[in-house]
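A.B. asks: According to the UniProt record's numbering, the sequence shown is numbered sequentially starting from 1. Just dropping this structure here.
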Amino acid sequence: MTEQSAPTVDDPTEAEHRYDGDAEHRYDPAAAQQRWQAFWAADQTFVPADDGSAERRYVLDMFPYPSGDLHMGHAEAFVMGDIVARHLKLQGYDVLHPIGWDSFGLPAENAAIKNNTHPAEWTYANIETQATSFRRYGLSFDWSRRLHTSDPEYYRWTQWLFLRFRERGLAHRKASYVNWCPHDQTVLANEQVVNGACERCGAIVTKRRLTQWYFKTTEYAQRLLDDMADLEGGWPERVLAMQRNWIGRSEGAYVDFEIDGHADPVTVFTTRPDTLYGATFFVVAPEGELAAQIVADDRRAEFEAYLDQVKLATEIERQATDRPKTGVFLGVHATNPVNNERIPVYAADYVLADYGTGAVMAVPAHDQRDLDFARTYDLPVIEVISTGQPDPATSGVATPGDGTYVNSGPLDGLTDKAAGVSTIVGQLEEAGVGKGAVTFRLRDWLLSRQRYWGCPIPIIHCPDCGEVAVPDDQLPVTLPELSGAALAPKGVSPLASATDWVNVDCPSCGGPAQRDTDTMDTFVDSSWYFFRYCSPGDVEGPFDPDDVRRWMPVAQYVGGVEHAILHLLYMRFFTKVLHDMGLVDFDEPMQRLLNQGQVINQGKSMSKSLGNGVDLGEQIDAYGVDAVRLTVVFAGPPEEDIDWADMSPGGSAKFLQRAHRLAHDVSSAPGVDPATGDAGLRQTTHRLLADIDDCMAGQRFNVVVARVMELVNAARKVADAGAGPADPAVRETAEIVTVVLSLIAPYIAEEMWEALGHAPSVAKATWPRFDPALLVTETVTCVVQVQGKVRARLEVSPDITEDELRDQALAEEAVVRSLAGREIAKVIVRAPKLVSIVPR
């Protein structure tokens, strides 16, 4: 059976309809859920032994945020990790599968402002709601390791790590233009701006000059790029591609340009130093410091007016290729270092201050943005690479490709780009006006936030001593008690109003000083939480390196692809720093990554405004947890979206009742030898079990469900005939169904396991092994064609030779009749399944 021809879930037989009404053995989801939740908690079924008795595996779901009760997205995301964790446990591994909450953040703060409460009230109430729902959903979490990032005992170590990063020169403070969300009144990292808008609230992002804290992610750019080779095969290729693109490695050269009246040369980075002879003007970012420094006095008023205009546009708008290019001449010239020609300097909105050096050499013949600008301001266009296309100066179309160098001094006549680049770089280096270089698109991580509900930055600002770290023995720096209107955004952190908290003695000199009033980006909290799960109660450090060594790296990480750049890149950076600190002995924290799709409805994302939301709790009330989990998993491959409008949890519930009935009908004793049972059923069972193993390895969980359905159908046929439910092969199949089903529908699997005469829990069972001998088929069907038409079907040995198969096919009576004595031109044999005969 192919993946596409999997059995439907809504085709119960007449006998099964009768069973649905059999109250004695009918599965009661609500009762089972209550019973087994209590058992798992009391038995500590999913708490790892961590005693070395078994090989360890760590399965982790991405940190949930406590924004409310679980929704349909959670239903899909968390069932996938649960399947992996349960499967590993059944295979005999000691499995760590923890849970906690990423509990700082803006939603809690905004809710507190709206309801005139403290963010903790909203946060911890939602955590308890979600915890109850997680337990109800049958997830195999180790609840003993539960943590919340907003607990002081957690964020104490976030602060400790910040200070260690600072000691290594990786946390620094600088003034620059930053992304500013006018709605949330806080800065955003570049990664948190999506299409020019705040990824959290959707407000259009503007620019603002502020002094902020940064982590130097750029120091690790090359390692972040190189180490992705270790993730290939374990991480989705699209995630790796997104990270490579975001890191954005570029090879080229730094080139120094002298600017009129500016003491130091201005350095630009270019990937095409070989086009320097075509640089006809110079462009700087309007909001950068350089523009304000070099603008001529008689141009300053015009420049400042233009700067005000530029600030109104988003970075996305400024980078749009179809947007008219604007700029202003700064009244000064630069000197092209390869030919000493003076070229005008402009401030233009298509150059951004925080990319590269905030300045570019403009080569309009071979860059469309530069060409559009040149045509707008009537600037020269000099072709330096002849590509065989029309001259950009007349066509208005830049030619960025390769060709023959022209108008390029020593390069004229060359056709090899590598030789051209090497020649110019050598010329620049010899003259001391440039050098070969590598740059990255990746920027330093901006982590300051002007909001209350986050981890306080453990720095004290002293007028005499400058920035002073809070001593380790004074950590954590806890949040002061603020709530309601006191949290309303004011353009600065609400913490600034807590004067008793802000004003402190300097730890260094004892003089009056002030605490830093910003809090950290919540992505800092979630960049190391997986280490804390290994040592949740450690009071000596963020984690015990020995604990981490036992459990990590994480064997399987599960979460949405929307975190491909933000969270996943940041946690990789954190891990590399911790490695360099000697705290961990690996560079990559997650060996495998599984991205789940989105649950939509009626073709669109679920939302209140569209009125197409589906309440998870209501679905569970109506059909039971097992049916909802089964429906989610059966819907398609994990990475694909699910349209709930097309789903049938009712059909899933009916199938589960049939599986439940099968377990109750088995009448043979536990431990009976299955080899004495129906041979055909055993062969089908072991063939399907082998396929299930392949599907689990490939994480095709939807096909696993299809195979379990086939197993139930096959067992049902035998149970209803011959030796009936007493057939040992029926027991074998029912037990395999139960164990495999426990990955997806754990409550009913526990009931079935008990009905089959086994002690609880099925989670402590052993994953079944298929018998290779039962996979061998005694015969296969060979199709015999004559002139393309099927004339016979032969049952032959799988090991039959081509010569034997040809002879047997030609001797077949129906084939002989079809040939009618005609001469044979060709016989094509594909043993053991096809013989094609072509007569003359």
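Glycine is no exception: its CB is placed at the ideal position from the N, C-alpha and C atoms. A quick note: this is a predicted structure, and the numbers were derived from the prediction, not measured.
Going by DSSP, what residues sit across from A362 in a beta bridge?
C.D. replies: A362 pairs with F281.
A.B. asks: Give the DSSP-derived three-state secondary structure of N110 in the structure shown.
C.D. replies: Of the three classes helix, strand and coil, the one that applies to N110 here is helix, per DSSP.
A.B. asks: At 4 residues or longer, and completely inside the stretch 275-337: list those alpha helix (DSSP H) runs for me, N to C.
C.D. replies: Here the runs fully enclosed are 289-294, 300-310 and 315-319.
A.B. asks: Looking at C-alpha atoms only, which residue of E778, Y405 and T387 is the closest neighbour of V397?
C.D. replies: It is T387.
A.B. asks: Taking its Cβ as the centre, do 16 or more other Cβ atoms sit within 10 Å of P489, making it buried, or is it exposed?
C.D. replies: P489 comes out buried.
A.B. asks: Given that a residue counts as buried once 16 or more other Cβ atoms are within 10 Å of its Cβ, and exposed if not, what is V625?
C.D. replies: By the 10 Å Cβ count, V625 comes out buried.
A.B. asks: Nearest CA to the CA of G611: which residue from Q619, I600 and D621?
C.D. replies: Selected option, being the one with the closest Cα: I600.
A.B. asks: Once the 5 residues before and after I113 are set aside, which same chain residues still bring their CB inside 8 Å of it?
C.D. replies: Hits under 8 Å: G484, A485, L487 and A488.
A.B. asks: Which value, in whole angstroms, describes the spacing of the CA atoms of F215 and G327?
C.D. replies: Taking the straight line joining both Cα atoms gives about 33 Å.
A.B. asks: So what does DSSP say about G21, is it helix, strand or coil?
C.D. replies: Annotation note: pLDDT 41 at G21 (below 50); position unreliable, coordinate value reported separately. G21 falls in the coil class under three-state DSSP.
A.B. asks: Cβ atoms of R451 and T519: under 8 Å apart, would you say?
C.D. replies: Their beta carbons are under 8 Å apart, which means T519 touches R451 by this criterion.
A.B. asks: Less than 8 Å separating the beta-carbons of F282 and M228?
C.D. replies: Contact: no.
A.B. asks: With DSSP as the reference, please indicate the residues paired to H686 in a beta bridge.
C.D. replies: According to DSSP, H686 bridges with nothing at all.
A.B. asks: Pull the bridge partners of A627 from the DSSP assignment, please.
C.D. replies: Note: A627 sits in no beta bridge, so no partner.
A.B. asks: Apart from the five residues on each side of it in sequence, which residues of its chain come closer than 7 Å, Cβ to Cβ, to D298?
C.D. replies: Result list for D298: G331, in chain order.
A.B. asks: From V363, V796 and A814, pick the residue whose C-alpha is nearest to that of V790; which is it?
C.D. replies: When each option's Cα is compared against that of V790, the closest is A814.
A.B. asks: Quick check on the DSSP output: the beta strand (DSSP E) that includes F63 runs from which residue to which?
C.D. replies: No beta strand (DSSP E) holds F63; DSSP gives it neither H nor E.
A.B. asks: Thinking Q699 and P638 are a contact (beta carbons under 8 Å), I'd like their distance in whole angstroms, please.
C.D. replies: At roughly 6 Å, the Cβ-Cβ gap stays under 8 Å, so Q699 and P638 are in contact.
A.B. asks: With a cut-off of 8 Å, do at least 3 Cβ pairs link the stretch 135-144 to the stretch 554-565?
C.D. replies: Touching, no.
A.B. asks: On the premise that C198 lies in contact with V205, defined as a C-beta separation below 8 Å, what is that separation, rounded to the nearest angstrom?
C.D. replies: Correct: roughly 6 Å between the Cβ atoms.
A.B. asks: Rounded to whole angstroms, what's the CA-CA distance from G21 to P798? Just pull it up for me.
C.D. replies: Annotation note: pLDDT 41 at G21 (below 50); position unreliable, no value reported.
A.B. asks: Excluding the 5 residues preceding and the 5 following P536 in the sequence, name in chain order all residues of the same chain whose CB lies nearer than 7 Å to its CB.
C.D. replies: Excluding sequence neighbours, P536 sits near R145 and L147.
A.B. asks: Does the stretch 585-598 come close enough to the stretch 222-238 that 3 or more CB-CB pairs lie under 8 Å?
C.D. replies: They touch, by the three-pair rule.
A.B. asks: Skipping 5 residues on each side, what residues in its chain have a beta carbon closer than 6 Å to that of residue 885?
C.D. replies: This structure leaves residue 885 out entirely; the chain is present only between 1 and 840.
A.B. asks: What's the C-alpha gap between A825 and R840?
C.D. replies: Whole-angstrom Cα-Cα distance: 5 Å.
A.B. asks: Among the candidates L240, V468 and Y405, whose CA atom is the shortest distance from the CA of R272?
C.D. replies: Ranking L240, V468 and Y405 by Cα distance to R272 puts Y405 first.
A.B. asks: Leaving out five residues on either side along the sequence, give the residues of the same chain with a beta carbon under 8 Å from the beta carbon of Q4.
C.D. replies: With a pLDDT of 38 at Q4, under the threshold of 50, the modelled position of that residue is not reliable, and the figure given next carries that caveat. Excluding positions up to five away in sequence, the list is empty.
A.B. asks: Which runs of the beta strand (DSSP E), 3 residues or longer, sit entirely within the stretch 167-222?
C.D. replies: For the stretch 167-222, whole beta strand (DSSP E) runs of length 3 or above, ordered along the chain, are 171-181, 186-188 and 206-215.
A.B. asks: Just reading off the alpha helix (DSSP H) that D546 is part of, what are its end residues?
C.D. replies: Residues P545 to W551.
A.B. asks: Among E750, I259, G680 and G202, which residue has its Cα nearest to the Cα of H660?
C.D. replies: Checked all of E750, I259, G680 and G202; the closest Cα to H660 is E750.
A.B. asks: Can you find the residues in the same chain that come closer than 7 Å, C-beta to C-beta, to G420, ignoring five residues on each side of it along the sequence?
C.D. replies: Correct list, in chain order: D274, Y405, L411 and L414.
A.B. asks: So if DSSP puts N595 in a beta bridge, which residue, or which two residues, is it bridged to?
C.D. replies: Note: N595 sits in a beta bridge opposite G559.
A.B. asks: If you reduce the DSSP assignment to three classes, tell me which class M520 lands in.
C.D. replies: Reduced to three states, the DSSP call for M520 is strand.
A.B. asks: How is M590 classed by DSSP in three states: helix, strand or coil?
C.D. replies: In the structure shown, M590 sits in a strand (DSSP, three-state: E or B).
A.B. asks: Can you check which of these residues, V266, Q319 and F257, is closest to T335 by C-alpha distance?
C.D. replies: Here the closest residue by C-alpha is F257.
A.B. asks: Can you give the Cα-Cα distance for P760 and V502, rounded to whole angstroms?
C.D. replies: Whole-angstrom Cα-Cα distance: 57 Å.
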